[in-house]
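Every position in the sequence shown, counted from 1, becomes a number in the working numbering once 1 is added.
Following: one structure in structure tokens, then a few remarks.
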Amino acid sequence: MKSNNLIAYAIDFTSFFIQNIEDEERHEIKNIILFGSIARADFDKNSDVDIFIETANKNIELKAEKILTDFYKSLKYTKYWRLFGVNNEISLKVGELDKWELKSSIISNSIVLYGRYRSNVTETKTKQYTLFELKIKGKRKNMMRIWRKLYGYKQKVGKKWYNTEGLIKHFNGEKIGKAIFIVPIENTQPVLKYLKENKVTCLIHNIWKGKI
């Protein structure tokens, strides 16, 4: 299935959603965003269509699931998309973007389905990164294993040296200090997943790096 078909499907739902809320509520929606595997173009035929509705209005959040149910009953869905072979589940998230853990993923890999126009006149040659400050405690053996996984290591076998790439380099990151590093914001989630799986406490900050 082409990604264009699923993007068009998401746009149709967005149009249906806007039609089924009040004008006052529409003005309280900052953006409606397609994110996840479809926005990244690494989906399969069973992938959910992940849509984030950015708003602080709780009433919109309460209405969202009912509107989604109504969309599945609509002629556009039953007489077009379903017959066309598009029946992927739409997964809705509603709320304020800053309060969601998925923020970095949404910012870095997303398609705006609805929102106000933003001029690119003020764009600069900068890139957004996530800065990690690690707080690693525990046995030395465990700490060394984590450092090696993050930063990579050299190993001598016989007379030859072999380099093993670390997560930071793999995800185009950069070491700032012993326990401080940055990665491009689009690569935040896999690094964060590894740290959580290994119970590593960390502070994260969004930063911009580049020439202005």
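Note that the Cβ used here is the ideal one computed from N, Cα and C, for glycine as well.
Residue i, DSSP secondary structure in three states
i: Trp101; result: coil
i: Lys3; result: coil
i: His171; result: helix
i: Val201; result: coil
i: Phe182; result: strand
i: Val192; result: helix
i: Lys80; result: helix
i: Lys160; result: coil
i: Glu124; result: Since pLDDT at Glu124 reaches only 49, below the 50 mark, its modelled position is unreliable, and the value read off the structure follows with that caveat. It is coil, neither helix nor strand.
i: Lys136; result: strand
i: Lys46; result: coil
i: Leu69; result: helix
i: Ser111; result: strand
i: Glu23; result: coil
i: Ser75; result: coil
i: Lys18; result: The question names Lys, but residue 18 is Phe in the sequence shown. If DSSP states are grouped into helix, strand and coil, Phe18 belongs with the helices.
i: Asn143; result: helix
Strand pairing of residue i, partner residues [DSSP]
i: Phe53; result: Ile34, Lys94
i: Asn207; result: Thr131
i: Thr165; result: Tyr154
i: Gly116; result: Asn32
i: Lys64; result: None, per the DSSP bridge assignment.
i: Lys176; result: Phe182
Residue of the options minimising C-alpha distance to residue i
i: Ser4; options: Asn164, Ser38, Gln20, Lys176; result: Ser38
i: Arg41; options: His206, Leu63, Asn60, Ile107; result: Ile107
i: Asn188; options: Leu196, Thr131, Arg146; result: Thr131
i: Lys128; options: Asn173, Leu35, His28; result: Asn173
i: Asn110; options: Phe14, Asp51, Trp162, Glu97; result: Asp51
i: Phe18; options: Phe44, Met145, Val95, Asn47; result: Val95
i: Arg83; options: Leu7, Met145, Met144, Ile169; result: Leu7
i: Gly97; options: Met144, Lys59, Met145, Leu168; result: First, the residue type needs correcting, since residue 97 is Glu and not Gly in the sequence shown. Ranking the options by Cα distance to Glu97, first place goes to Lys59.
i: Gln20; options: Asp43, Phe72, Tyr10; result: Phe72
Residue j beta carbon less than 8 Å from that of residue i
i: Ile33; j: Ile54; result: yes
i: Glu134; j: Cys203; result: yes
i: Tyr152; j: Lys176; result: yes
i: Leu35; j: Leu114; result: yes
i: Asp24; j: Ser92; result: no
i: Ile61; j: Ile30; result: yes
i: Trp162; j: Lys170; result: no
i: Lys64; j: Ile22; result: yes
i: Ile208; j: Ile183; result: yes
i: Ile147; j: Val201; result: yes
Heavy atom of the ligand NAP within 7 Å of residue i beta-carbon
i: Ala11; result: Only the bare structure without any ligand can be found here, which leaves the ligand NAP out of the picture.
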